[in-house]
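Report on the following structure.
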Amino acid sequence: MERFMIGQSGRFDYNKHTRDFKPSFFGVEACLLEEEDIKKLIDNANREEFNIGIHFPLRTKGWRLRDPQFLSKDDDTRESSYKYMENEINFLKEVKPKYILLHYPKPVLLDKSVDWTNWRFANDTEYYFEDSYSYENFSAKSEELFKWLSDISIENDFIPVLELDALNKYIYTTDLLKTLLDKYPRIKICLDIGRLHLQDKLDKNFNSFEFASRFAKYAEVVHLWNIKVTDNVEYNHYPTLPDLRPEEGWGDIEKYLEIIKKENKFCKILFEHRSDLISDEELESCYNWISNILNEE
Numbered sequence: 001m002e003r004f005m006i007g008q009s010g011r012f013d014y015n016k017h018t019r020d021f022k023p024s025f026f027g028v029e030a031c032l033l034e035e036e037d038i039k040k041l042i043d044n045a046n047r048e049e050f051n052i053g054i055h056f057p058l059r060t061k062g063w064r065l066r067d068p069q070f071l072s073k074d075d076d077t078r079e080s081s082y083k084y085m086e087n088e089i090n091f092l093k094e095v096k097p098k099y100i101l102l103h104y105p106k107p108v109l110l111d112k113s114v115d116w117t118n119w120r121f122a123n124d125t126e127y128y129f130e131d132s133y134s135y136e137n138f139s140a141k142s143e144e145l146f147k148w149l150s151d152i153s154i155e156n157d158f159i160p161v162l163e164l165d166a167l168n169k170y171i172y173t174t175d176l177l178k179t180l181l182d183k184y185p186r187i188k189i190c191l192d193i194g195r196l197h198l199q200d201k202l203d204k205n206f207n208s209f210e211f212a213s214r215f216a217k218y219a220e221v222v223h224l225w226n227i228k229v230t231d232n233v234e235y236n237h238y239p240t241l242p243d244l245r246p247e248e249g250w251g252d253i254e255k256y257l258e259i260i261k262k263e264n265k266f267c268k269i270l271f272e273h274r275s276d277l278i279s280d281e282e283l284e285s286c287y288n289w290i291s292n293i294l295n296e297e
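Shown next, in the form of structure tokens:
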């Protein structure tokens, strides 16, 4: 379980930390904390000797939205996004995170033929439709981001991680992302299992298992949670319990992890779930099941 992590978002919840975090775990991924909670996070990390990962941003109120829009068509928005990232990354020098994770792409590009009602957006500036954004533009702005992140990560000694958000055809039908990851090897990705499962069910052109197999070797962290997708979408960020059946609409967690571990035996596993929905015994069952899958030969 030395690769396992828990999340702390919105506040440093000490009750959650006491219940969910185990001494053998790698660390905590934190997001959107107030100043007092940032101090609690750092104090606990120093005392318990765990690592800190950042789900950007660590601080609240840094910009008008949580996620910077580095792919925006609007020059001012793009420029302010880079300034926002630079300010927050400079602030994190004292925190010394192992990695800093940002959502990519942002804004996302959506296929008009897919019903995205169940995908969460802060507002309509967080997406464009694919047919309004050329491949050439997407490629150029993506490379600009990769180069910038690579350079600033060297200066500040952290691993840049891109959490893959809603995935567009430029990502899953071309070699663009693979080419950029190979060209800028400091940059890693986050495979979010709940998102992969949801898009697999919503988007007939997207095969989440093929995608996971193709990109698992680039993963620094896996965000692990489950969601039930049938005619309805239910149980968002539900814990990955062994009795949740894929034939009933749940994500096939074992299949995802079997694919990932063939390509990558070192990525972190962040339990991005609502542990408050289950008992202590079920939480222990969740940890043990995932550990057994990862450690089986």
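Counting in full-length UniProt numbering, the sequence shown runs from 1 upward without gaps.
Cβ coordinates follow ideal geometry from the N, Cα and C atoms, glycine included.
In the DSSP assignment, residue 226 forms a beta bridge with 238. In the three-state reduction of the DSSP assignment, residue 2 falls in the coil class, being assigned neither a helical nor a strand state. Judged by beta-carbon spacing, residue 20 lies beyond the 8 Å limit of residue 42, meaning their Cβ atoms are not closer than that value. Here the stretch 85-99 does not lie against the stretch 122-140, with fewer than 3 beta-carbon pairs under 8 Å apart. Taking a cut-off of 8 Å for Cβ pairs, the stretch 142-158 and the stretch 170-188 touch, as three or more such pairs fall below it. Under the 8 Å Cβ criterion, the stretch 200-215 counts as touching the stretch 108-121, having at least three qualifying pairs. Note that the C-beta distance between residue 233 and residue 198 is below 8 Å. Per DSSP, the continuous beta strand (DSSP E) segment holding residue 31 begins and ends at 27-31. In this structure, residue 191 places its C-beta atom within 8 Å of the C-beta atom of residue 215. Restricting attention to 35, 67 and 250, the CA atom closest to the CA of residue 231 is found in 250. Between the C-alpha atoms of residue 22 and residue 170 there is a straight-line separation of about 40 Å. Following the DSSP letters along the chain, one finds residue 136 inside the alpha helix (DSSP H) bounded by residues 135-156.
Secondary structure note for residue 287: it is in no beta strand (DSSP E), and the uninterrupted alpha helix (DSSP H) holding it is 280-295. Judged by DSSP secondary structure, residue 176 falls outside any beta strand (DSSP E) and instead within the alpha helix (DSSP H) spanning 176-183.
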